[in-house]
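This report concerns only the one structure given below.
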């Protein structure tokens, strides 16, 4: 399937673990304007930086990519806290190719990461941060059981301005 799919049609990507060979495709996504706008990442990341990030990914990390017809169109990660007193907590990060937002790929990635959190890691708390004006992402997270826990005023800087961030979490106790 391609990005010519109608906006209401949901796409079912192939999900798999990240590979070092994905660095170039991920770097291209990380440098897209829509992706960068919705994250705290800096512009103009290099393939070498992404390769290092993949290589540094640890045993407690789950990093997956979404593929369509062999093309990487999104990614997501679940990082478990390393402190013994916080080992019940995971942090989620998700991002998509600008051309594939709103087509169900983010939901597929988030669902897979939450499956790992719940059924493989027995995590009790999964958390994330999101810009307060990133309505598509907030809708995605709330549809998967995340709730807003707080607002961090002017906590992120992008496009020459300070923006508020929301702390969101999904609890399972």
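In the numbering used here, the protein residues as written are -10 to 162.
For every residue, glycine included, the Cβ atom is placed at its ideal position computed from N, Cα and C.
Would you decide whether residue 62 is buried or exposed? Buried here means 16 or more other CB atoms lie within 10 Å of its CB.
Here residue 62 refers to the residue found at position 73 when the chain shown is read from its first residue. Flag for residue 62 reads buried.
Is there contact between the stretch 122 to 133 and the stretch 79 to 98, where contact requires at least three CB pairs shorter than 8 Å?
With the cut-off at 8 Å, the stretch 122 to 133 and the stretch 79 to 98 touch.
May I have the straight-line CA-CA distance separating residue 29 from residue 139, to the nearest angstrom?
Residue mapping note: residue 29 aligns to position 40 of the chain shown, counting from 1. Residue mapping note: residue 139 aligns to position 150 of the chain shown, counting from 1. Approximately 18 Å between the Cα atoms of the pair.
Where residue 128 falls: helix, strand or coil (DSSP)
By 1-based counting over the chain shown, the position of residue 128 is 139. Helix.
Round the Cβ separation of residue 53 and residue 12 to the nearest angstrom and send it over; I've been treating them as touching at under 8 Å.
The count along the chain shown starts at 1 and reaches residue 53 at position 64. The count along the chain shown starts at 1 and reaches residue 12 at position 23. 15 Å between Cβ atoms; not a contact.
Are the CB atoms of residue 155 and residue 119 nearer to each other than 7 Å?
For the purposes of this step, residue 155 is identified with residue 166 of the chain shown, where counting begins at 1. For the purposes of this step, residue 119 is identified with residue 130 of the chain shown, where counting begins at 1. The Cβ atoms of residue 155 and residue 119 lie closer than 7 Å to each other.
Pick helix, strand or coil for residue 75, following the three-state DSSP scheme.
By one-based count along the chain shown, residue 75 stands at place 86. Reduced to three states, the DSSP call for residue 75 is helix.
Return the bridge partner residues of residue 21 from the DSSP annotation.
In the chain shown, the residue the question calls residue 21 occupies position 32. According to DSSP, residue pairing for residue 21 in a beta bridge does not occur.
In angstroms, rounded to a whole number, what distance separates the CA positions of residue 32 and residue 104?
As a first step, residue 32 must be located in the chain shown, where it is residue number 43. As a first step, residue 104 must be located in the chain shown, where it is residue number 115. C-alpha separation (whole angstroms): 31 Å.
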